Amino acid sequence: MFSYLNGIVKDRSDQAITLDVGAFAFEVKVPNSSVFSQDKKAKIHAYMHWNAEQGPSLYGFATELEKIVFLLITSCSGIGPKIGLAALNDLGAESFLQAIQTGSEKTLSKVSGIGGKKAEQMIVQLKHKVAKLIKSGVELGDAQHIAHWNTVTEALESLNYSRSEINRAMSHLQKDYADDTNVSFDQLMRQALAVLTKQV
């Protein structure tokens with residue numbers, strides 16, 4: 001029904017934004033609302049989901065790849081939009097695809113709502129689809145670059161930062177370093193800690 005929406009972000013909660021598109025304002029559920037700036041223009045890659053009991057819900061994503069991955073996740077039997085959003089929030093689109101590609105149950109099990117058994121089922125159901133997606137031209141980025149990001153998350157977890165704190169730090173890093181494949185782990189870690197100690 002919707003491909004994308006252009007509008008102004010009028011309000012944000014933890015995993016939802018209100019998008020003013022002119023004559024209408026839509027509540028859009030998103031993986032992480034902090035990637036959208038309040039009172040700024042945003043392009044949302046949108047998906048309308050229908051639930052027999054609750055009716056329609058609108059989901060939005062910062063990139064087309066996030067939307068594609070969300071649809072892949074929710075195509076798994078027994079997996080709903082809530083886990084789809086959690087996977088994108090906790091791992092990100094590229095890391096999720098890499099986890100499926102490499103069969104990493106450990107990585108998938110870090111997502112809230114995905115245990116070991118469910119992770120195994122998702123790998124079985126999605127491995128062929130992910131391979132086809134990558135063959136079509138989707139880039140997963142530099143393996144070392146992705147490893148740095150995963151290591152930063154693990155390091156922050158070992159320092160007992162909460163999931164919400166880690167998500168806030170990683171969102172900040174994504175804005176500054178998402179396309180910088182040469183950024184070092186040390187640089188990412190220093191910046192993450194600076195965000196968490198409110199130095200930036």
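Residue numbering for the sequence shown follows my numbering, beginning at 1 and increasing consecutively. Note that the Cβ used here is the ideal one computed from N, Cα and C, for glycine as well. Predicted, not measured: the structure shown is a model, and the values here were computed from it.
Practice task
Rounded to whole angstroms, what's the CA-CA distance from residue 168 to residue 13? Just pull it up for me.
Solution key: Along the sequence shown, one-based indexing puts residue 168 at 168. Along the sequence shown, one-based indexing puts residue 13 at 13. The alpha-carbon atoms of residue 168 and residue 13 are separated by roughly 13 Å.
Practice task
Assign residue 11 to one of three DSSP states: helix, strand, or coil.
Solution key: Taking the first residue of the sequence shown as position 1, residue 11 is located at position 11. Reduced to three states, the DSSP call for residue 11 is strand.
Handout entry: residue 45 beta carbon less than 8 Å from that of residue 4
Key = Position 4 of the sequence shown, counted from the first residue, corresponds to residue 4. Position 45 of the sequence shown, counted from the first residue, corresponds to residue 45. Contact: yes.
Exercise for the section: Note down, one range per segment and in chain order, each alpha helix (DSSP H) of at least 4 residues found wholly within the region 79-135. Expected result: 81-90, 93-102, 105-108, 116-135
Handout entry: Test item: CB-CB of residue 123 and residue 92 under 8 Å
Key = For this step, residue 123 is matched to residue 123 along the sequence shown. For this step, residue 92 is matched to residue 92 along the sequence shown. No. Outside cutoff.
Problem - Residue interval of the beta strand (DSSP E) (run including residue 57) - result: On the sequence shown, residue 57 is found 57 positions in, with the first residue counted as 1. It spans 55-61 - the beta strand (DSSP E) in which residue 57 sits, taken as one unbroken run.
Practice task
Tell me, to the nearest whole angstrom, how far the beta carbon of residue 66 is from that of residue 88; I am working on the premise that it is less than 8 Å.
Solution key: Taking the sequence shown and counting its residues from 1, the one referred to as residue 66 is at position 66. Taking the sequence shown and counting its residues from 1, the one referred to as residue 88 is at position 88. With a Cβ gap of about 6 Å, residue 66 and residue 88 count as contacting.
Exercise for the section: Tell me where the alpha helix (DSSP H) around residue 167 begins and ends. Expected result: For the purposes of this step, residue 167 is taken as residue 167 along the sequence shown, with counting starting at 1. Counting along the chain, the alpha helix (DSSP H) containing residue 167 begins and ends at 163-177.
Handout entry: Of the listed residues 135, 185, 198, 191, nearest to residue 173 (C-alpha basis)
Key = By one-based count along the sequence shown, residue 173 stands at place 173. Minimum Cα distance to residue 173 is reached at 191.
Exercise for the section: Could you tell me whether the region 48-62 touches the region 22-38, where touching means 3 or more Cβ pairs closer than 8 Å? Expected result: yes
Handout entry: Inter-stretch contact (C-beta, 8 Å, three-pair minimum) for the region 152-160 and the region 112-132
Key = The answer is no - the region 112-132 does not touch the region 152-160, with fewer than three Cβ pairs under 8 Å.
Exercise for the section: Check whether the Cβ of residue 79 lies closer than 7 Å to any heavy atom of the ligand GDP, and answer yes or no. Expected result: By its list of ligands, the structure shown contains no ligand whatsoever, and the ligand GDP lies outside what it can speak to.
Practice task
Would you kindly check if the distance between the Cβ of residue 21 and the Cβ of residue 62 is under 8 Å?
Solution key: Numbered from 1 along the sequence shown, position 62 holds the residue referred to as residue 62. Numbered from 1 along the sequence shown, position 21 holds the residue referred to as residue 21. Cβ distance not < 8 Å, so residue 62 and residue 21 don't count as in contact.
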